[in-house]
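Asks: Right, I'll just put the structure down here and ask away after.
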Ligand SMILES: NC(=O)c1ccc[n+]([C@@H]2O[C@H](COP(=O)([O-])OP(=O)(O)OC[C@H]3O[C@@H](n4cnc5c(N)ncnc54)[C@H](OP(=O)(O)O)[C@@H]3O)[C@@H](O)[C@H]2O)c1
């Protein structure tokens, strides 16, 4: 018996928050790898549908599914849609997330509650649903952030949500080993997406780019390549790990 994923059938993935940014790059990359993809979006319907058309034009398989991962029914709806379209799910990429920065003294309850609901609640429900419904030999890939290890002022709540995701990643890996489902997290450094760029000046963006030893800001495809590895057969022995993909900045 192989320890790895089944090669008998097309592998399938759910990528949360795939209408833009890192999630869209992951959906494109997994489709190129031959994986059928559920492209989840919250508000970006047009972008998600365009991405599905592009994947199909390249010979891949994808569907776009609206779901708010902060809604307890949202993740279940993604699995329902994926199972109906593709027969079962092998890979769950818990990518969707938001970032609101402010000093702790200036953070209101709404900002705290929203980040907890999406970044922690959404990923918890994803992991729970994945633990129950992924096919044996599957993959769960969570999203943390390299800011977890930086303790930078302004990132208190965001970093706390990601630290909690890292803790659950280690624990779920131990809980699912018997089904050969691996659970890992990617912790990107600065990646040039709306989440990173919004609210920063050109000068701030340039300064951050210069701090990165590899000499530029990260791009969504840099992270999609890491996810492709974690989603594929060659990563089977990587389990319960946090992969800090940040150009060497931390
Ligand atoms: N960019 C960075 O520098 C960086 C660094 C470290 C970690 N990360 C992490 O990487 C992940 C992706 O970030 P990104 O930079 O690609 O962000 P982004 O460009 O802002 O994209 C975020 C995606 O998440 C979706 N989303 C937000 N709230 C959602 C919800 N409640 N339900 C479902 N989908 C939701 C958005 O969907 P709609 O647009 O359809 O609403 C969008 O597709 C996040 O977990 C983030 O914390 C990013």
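In UniProt numbering, the protein residues as written are 1 to 250.
Cβ coordinates follow ideal geometry from the N, Cα and C atoms, glycine included.
1) Report yes or no: do the segment 151-170 and the segment 99-108 share at least 3 C-beta pairs separated by less than 8 Å?
2) Need the endpoints of the alpha helix (DSSP H) that residue 182 sits in, please.
3) Determine the direct distance from the alpha carbon of residue 232 to that of residue 9, and round the result to whole angstroms.
4) For residue 287 versus residue 116, is the C-beta spacing smaller than 9 Å?
5) Run the proximity test for residue 20: is its beta-carbon closer than 8 Å to any non-hydrogen atom belonging to ligand 1?
6) Secondary structure at residue 195, three-state DSSP: helix, strand or coil?
7) Can you name the start and end residues of the beta strand (DSSP E) that residue 243 belongs to?
8) How about residue 195: is its Cβ closer than 8 Å to a heavy atom in ligand 1?
9) For a test of the three-state rule: what should DSSP assign to residue 22, helix, strand or coil?
10) Using the Cα positions of residue 245 and residue 189, report the straight-line distance between them to the nearest angstrom.
11) Pick helix, strand or coil for residue 69, following the three-state DSSP scheme.
12) Under a Cβ-count criterion, where at least 16 other Cβ atoms within 10 Å of its own Cβ denotes burial, should residue 44 be classed as buried or exposed?
13) At a cut-off of 8 Å, would you count residue 111 as near ligand 1, judging by its Cβ distance to the nearest heavy atom?
14) If you compare alpha carbons, which of 12, 18, 171 and 210 is closest to residue 90?
15) What does residue 218 pair with, by DSSP beta-bridge criteria?
16) Below 8 Å on the Cβ atoms is my contact criterion, and I expect residue 249 with residue 26 to pass it. Report the Cβ-Cβ distance as a whole number of Å.
17) Give the straight-line distance between the Cα atoms of residue 237 and residue 33, rounded to the nearest whole angstrom.
18) Would you mind stating whether residue 63 and residue 85 have Cβ atoms separated by less than 9 Å?
19) In or out: residue 210 buried (at least 16 other Cβ within 10 Å) or exposed?
20) Report the three-state DSSP secondary structure of residue 95 (helix, strand or coil).
21) When every heavy atom of ligand 1 is checked, does at least one fall within less than 8 Å of the C-beta of residue 95?
22) Please classify residue 214: is it buried, with 16 or more other beta-carbons within 10 angstroms of its beta-carbon, or exposed?
23) For the beta strand (DSSP E) containing residue 139, list its first residue and its last residue.
24) Note down, one range per segment and in chain order, each beta strand (DSSP E) of at least 3 residues found wholly within the segment 32-72.
25) Ignore the nearest five residues each way along the sequence and tell me which others in residue 58's own chain have a CB closer than 8 Å to its CB.
26) Should residue 247 and residue 222 be called a contact, given that it needs their Cβ atoms to be closer than 9 Å?
Replies: In short:
1) Yes: at least three Cβ pairs fall under 8 Å.
2) The residue you call residue 182 lines up with position 182 of the chain shown. Per DSSP, residue 182 belongs to no alpha helix (DSSP H); it is in the beta strand (DSSP E), 182-188.
3) On the chain shown, residue 9 is found 9 positions in, with the first residue counted as 1. On the chain shown, residue 232 is found 232 positions in, with the first residue counted as 1. Each residue's Cα considered, the two are about 14 Å apart.
4) Here the chain comprises residues numbered 1 to 250, so residue 287 is not present and cannot be evaluated.
5) If you number the chain shown from 1, residue 20 lands on position 20. Correct: residue 20 has its Cβ closer than 8 Å to ligand 1.
6) Translated into positions along the chain shown, residue 195 becomes position 195. In the structure shown, residue 195 sits in a helix (DSSP, three-state: H, G or I).
7) Position 243 of the chain shown, counted from the start, is the residue given in the question as residue 243. Run containing residue 243: 242-245, per the beta strand (DSSP E) assignment.
8) Here residue 195 corresponds to residue number 195 of the chain shown, with the count starting at 1. Because some heavy atom of ligand 1 lies under 8 Å away, the Cβ of residue 195 counts as near it: yes.
9) Reading the chain shown from its first residue, position 22 is the one you call residue 22. Note: residue 22 maps to helix in three-state DSSP.
10) Position 245 of the chain shown, counted from the first residue, corresponds to residue 245. Position 189 of the chain shown, counted from the first residue, corresponds to residue 189. A direct Cα-to-Cα measurement between residue 245 and residue 189 gives close to 6 Å.
11) Within the chain shown, residue 69 is the residue found at index 69, counting from 1. Residue state, collapsed to three classes: coil.
12) Numbered from 1 along the chain shown, position 44 holds the residue referred to as residue 44. By the neighbour-count rule (16 or more Cβ atoms within 10 Å), residue 44 is buried.
13) Counting from 1 along the chain shown, the entry for residue 111 is found at position 111. No, Cβ of residue 111 sits at least 8 Å from all heavy atoms of ligand 1.
14) The count along the chain shown starts at 1 and reaches residue 90 at position 90. Selected option, being the one with the closest Cα: 12.
15) Position 218 of the chain shown holds residue 218. Beta-bridge annotation (DSSP): residue 218 is paired with 191.
16) Along the chain shown, one-based indexing puts residue 249 at 249. Along the chain shown, one-based indexing puts residue 26 at 26. About 21 Å separates the beta carbons of residue 249 and residue 26, which is beyond the 8 Å limit, so they are not a contact pair.
17) Against the chain shown, residue 237 aligns to sequence position 237. Against the chain shown, residue 33 aligns to sequence position 33. Roughly 20 Å separates the two Cα atoms.
18) Translated into the one-based positions of the chain shown, residue 63 becomes position 63. Translated into the one-based positions of the chain shown, residue 85 becomes position 85. Between residue 63 and residue 85, the CB-CB gap stays under 9 Å.
19) The residue you call residue 210 lines up with position 210 of the chain shown. With fewer than 16 Cβ atoms within 10 Å of its Cβ, residue 210 is classed as exposed.
20) Here residue 95 is taken as the residue at index 95 of the chain shown, counted from 1. Residue 95 falls in the coil class under three-state DSSP.
21) As a position in the chain shown, residue 95 is number 95, starting the count at 1. At least one heavy atom of ligand 1 is nearer than 8 Å to the Cβ of residue 95, so yes.
22) Here residue 214 refers to the residue found at position 214 when the chain shown is read from its first residue. Exposed is the call here.
23) Taking the chain shown and counting its residues from 1, one reaches residue 139 at position 139. Boundaries of the beta strand (DSSP E) around residue 139: 139-143.
24) Every unbroken stretch of the beta strand (DSSP E) spanning 3 or more residues and falling wholly within the segment 32-72 is given here in chain order: 36-41 and 62-66.
25) On the chain shown, position 58 is the one that residue 58 refers to. Cβ neighbours of residue 58 within its own chain (closer than 8 Å, five residues either side excluded): 31 and 32.
26) In the chain shown, counting from the first residue as 1, residue 247 sits at position 247. In the chain shown, counting from the first residue as 1, residue 222 sits at position 222. Yes, Cβ-Cβ distance for residue 247 and residue 222 is below 9 Å.
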